[in-house]
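Numbering (the numbering used here), first residue to last: 265 to 345.
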Amino acid sequence: MEILANLLREPGCGGGLIAGDFNAISLEDHALLDKNGLVDALDKVAMSGVDAKDMEILHPAGEYSNYIPCSDHFGLRLSFT
265 MEILANLLRE PGCGGGLIAG DFNAISLEDH ALLDKNGLVD ALDKVAMSGV DAKDMEILHP
325 AGEYSNYIPC SDHFGLRLSF T
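Encoded structure:
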């Protein structure tokens with residue numbers, strides 16, 4: 265996370281997003297975003313230098329109902345400035 269956060273702060277980079285599987289394995293993992301100066305837009309989307317505006321959960325094909333718990337099988341569409 266530190267390497268990626270540093271890339272978002274390189275000269276000429278105005279910010280960006282880091283998205284992926286951020287499942288915390290150890291107690292120290294829970295503080296990784298704060299430790300690296302990142303903001304959590306929604307679980308598994310960390311940001312630096314941008315603001316989240318709209319987020320949509322993209323359901324896997326054919327899996328629509330009133331309630332479907334999120335999982336790593338879903339995608340996210342995030343609008344940011």
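Glycine is no exception: its CB is placed at the ideal position from the N, C-alpha and C atoms.
What would DSSP say about residue i, mapped onto helix, strand or coil?
i, result
"L272", "coil"
"D304", "strand"
"A295", "helix"
"I267", "helix"
Based on the DSSP output, what are the partners of residue i in its beta bridges?
i, result
"G339", "L322"
"F344", "A316"
"M311", "L281 and V303"
Give me the Cα-Cα distance between residue i and residue j, rounded to the nearest whole angstrom.
i, j, result
"N270", "L297", "12 Å"
"S290", "M265", "14 Å"
"H323", "R341", "11 Å"
Using alpha carbons as the reference points, say which of the options lies closest to residue i.
i, options, result
"G284", "D318, V309, L322 and M319", "V309"
"G276", "F344, G313 and E292", "G313"
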